[in-house]
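Here's the structure we're looking at; comments come further down.
Numbering (the UniProt record's numbering), first residue to last: 1 to 667.
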């Protein structure tokens, strides 16, 4: 049976985007940052009056028209009664491909992958009640990781809201904590400007999810008179002044012009930061997702590292911002970071944090994070410098010596001319080489007693095979041990080549996000490396890939357990395994039943051929890799330890651990 075309039925119209600048009041969360004016029309200073072209359209037609004006190409939607006015309009709209996932959570993660790959908001359209509540996890994930989503959900007719009617749900109330902004439309005339506001808010400042609720009767209403499409987002000067509090010595807000004086404060902080960097002997850069927020970010990071000869480590979300083949790369730091990165950041006298929140996954024991830098700060010879878009994140977890608020790339451009050229740092780089020799990341059990494949080896081999493809490969993952092995053993060289859940730790993310990435960038090779437990949370989306012939490639690390849970239960709970073994289905049969080609391998001598067959297949394909169970992720920082107090693989200790585990459990 041939796969259907992405496109739906033909026949619609497109009009130019009308989006004047914000100048009036709109309800927003109290900590929403000062909006950036991002659209081309804003930059041109265009101010438009009433829009007559929408008169005579229904609410559903206006929604689609506004999406077209925002150049939307894909929508991820599961149908339902309350959104039929919009769906009926999409029936005649060939400009937008509507993708039908199997579940709203899958739709949300597809939109996340699409947004992270395209740089544009991912669009989700769902129905009322459970259709909306099934989106809570993707909304929270997007909020935590700064991913722009525009979610449009239906609602029962306005006359029935609050009557306990079928699917009567307070969606706005439920989603308020997991969106940047949400709004329930109660008049068809509101639709144009509210959609404009939704796109602006989703992309402004730190990106994130927004929600518009459209009751069914409003979707059916007809617009009878011309309306303004002008957004009504306030300038929020008072908020900008409050946010400036993260910069030292802010003057009285009533006595100065906020824009010029705030920029002066930021520039002073940049100058002090440059002075600390120039005076440091053992500096280190910690790069986060903020370095990927603009295309020029990685180049600026490389320039700073080269100019001052500073080694670079990255957070999980910062992987790809710095070429890991560079000798100054320390790879990832944190609980499952490399031993050399964790030790180096503890020994550095100046820690330069670029676009990272410094959460517990990075710092571990906050009180003992970066002790050498703190000592240097007390002596005026170093410290911790934090470049961060969101002022609220500066000094939130780690007390810093200097905080620089604003877009990280923009502020790096201002600082680079102030940084002195350094030809070499012999002592510091010598120490880095020593640490890499002492704690090699490729030291693990390469011949497990089961005779099965080792997960780390699978990732290493995939990295080697895809190296010639350069930035043409994008990897997605779920959350868990497989995610850490991918982060540790794949060599990250190019920006935006890893799409993975961060602060929310969302399982089931890998497959649907890969589908979204592939739709946004069909020329890329998109590989979901997934754990078996993760995969089962959204495996129904295999059918979505098959239905639209979306050529994602899926590798399942199949060890029949939830590995991160069993690791902790083994190390800290005397191998008392509880709810961590799943009894997996036959993934090959599942995939084939959904119309997906599937391959299974289990032995080391099958690995290269299996990976090559998967990579060369033109279409969606699944590779079921039977891997050794109870394999640990090392290095690992145990609870209560400082960042440099990590566990590493030791052959004798591992033999004793496995023997004790077998004695206790039979595994």
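By construction, the Cβ of each residue, glycine as well, lies at the ideal position given by its N, Cα and C atoms.
Report back the beta-carbon spacing between residue 615 and residue 599 to the nearest angstrom; my notes put them in contact at under 8 Å.
Rounded, the Cβ-Cβ distance is 11 Å, inconsistent with contact.
Whole beta strand (DSSP E) runs in the region 70-130 with 3 or more residues, listed along the chain?
You should have 74-77, 97-99, 122-126.
Do you know whose CA, among 597, 559, 372, 278, lies nearest residue 309's CA?
The option with the nearest alpha carbon to residue 309 is 278.
Would you mind sorting residue 367 into buried or exposed? The rule is 16 or more other CB atoms within 10 Å of its CB.
Result: exposed.
In chain order, what residues of the same chain have a beta carbon less than 6 Å from the beta carbon of residue 393, not counting five sequence neighbours either side?
Only 357 meet the Cβ criterion.
In the structure shown, what three-state DSSP assignment does residue 669 receive?
What the structure shows of the chain is the stretch from 1 to 667, and residue 669 is not part of that stretch, so it cannot be assessed.
Under 9 Å, do residue 365 and residue 641 count as touching if we go by C-beta distance?
For residue 365 and residue 641, yes; Cβs fall inside 9 Å.
On the CB-based measure, 16 or more other CB atoms within 10 Å of its CB, does residue 386 come out buried or exposed?
With 16 or more other Cβ atoms within 10 Å, it is buried.
For my contact list, residue 214 and residue 152 are in at a C-beta cut-off of 8 Å; report their separation, rounded to the angstrom.
Going by Cβ atoms, the distance from residue 214 to residue 152 rounds to 6 Å, so yes, they are a contact pair.
Quick check for students: name the residue ranges of the alpha helix (DSSP H) that lie wholly in the region 567-620, counting only runs of 4 or more.
List check, alpha helix (DSSP H) in window: 587-593, 607-616.
Please report the distance separating the alpha-carbon of residue 671 from that of residue 340.
Limits of the chain in this structure are 1 at one end and 667 at the other, which puts residue 671 out of reach.
From the DSSP output, in three-state form, read off residue 228 for me.
DSSP places residue 228 in strand when its eight states are reduced to three.
Could you pull the DSSP bridge partners for residue 155 from this structure?
BP columns for residue 155 point to 215.
Please identify the residue among 92, 143, 337, 218 whose C-alpha is closest to the C-alpha of residue 360.
Ranking the options by Cα distance to residue 360, first place goes to 337.
Which residue wins for smallest C-alpha separation from residue 477, given the options 469, 555, 551, 463?
Nearest of 469, 555, 551, 463 to residue 477, Cα basis: 555.
Exposed or buried, residue 573, counting other C-beta atoms within 10 Å across all chains shown (16 or more means buried)?
The residue is exposed, with fewer than 16 neighbouring Cβ atoms inside 10 Å.
Secondary structure at residue 287, three-state DSSP: helix, strand or coil?
Residue state, collapsed to three classes: strand.
Measure the C-alpha to C-alpha separation of residue 33 and residue 204 and round it to an integer number of angstroms.
Unreliable positioning characterises residue 33 in this predicted model, as indicated by a pLDDT of 38, which lies under 50. A coordinate reading is not provided.
Shortest alpha-carbon distance to residue 217 belongs to which of 260, 109, 86, 342?
Measuring from the Cα of residue 217, the nearest candidate turns out to be 86.
Run the CB neighbour count on residue 611, radius 10 Å, all protein chains shown included, and call it buried at 16 or more, exposed below.
By the 10 Å Cβ count, residue 611 comes out buried.
Run the proximity test for residue 399: is its beta-carbon closer than 8 Å to any non-hydrogen atom belonging to the ligand SAH?
Absent from the structure shown: the ligand SAH. Ligands present: none.
Can you pull the DSSP bridge partners for residue 435?
None, per the DSSP bridge assignment.
Could you check how far apart the C-beta atoms of residue 206 and residue 146 are, in whole angstroms? I think they sit under 8 Å.
5 Å between Cβ atoms; contact.
Beta-carbon within less than 8 Å of residue 136's beta-carbon, same chain only, minus the 5 sequence neighbours each way: which residues are those?
Excluding residues within five positions, the ones whose Cβ falls inside 8 Å are 174, 175, 178.
At what residues does the alpha helix (DSSP H) containing residue 144 begin and finish?
Counting along the chain, the alpha helix (DSSP H) containing residue 144 begins and ends at 136-145.
What separation, rounded to the nearest whole angstrom, lies between the Cα atoms of residue 54 and residue 542?
In a straight line, the C-alpha of residue 54 is about 39 Å away from that of residue 542.
Can residue 389 and residue 362 be called in contact, C-beta distance under 9 Å?
Not a contact, by the Cβ cut-off of 9 Å.
Give me the residue from 545, 233, 377 with the minimum Cα distance to residue 522.
Residue 545 is the option with its Cα nearest to residue 522.
What's the C-alpha gap between residue 317 and residue 646?
If I take the Cα positions, the gap works out to 21 Å.
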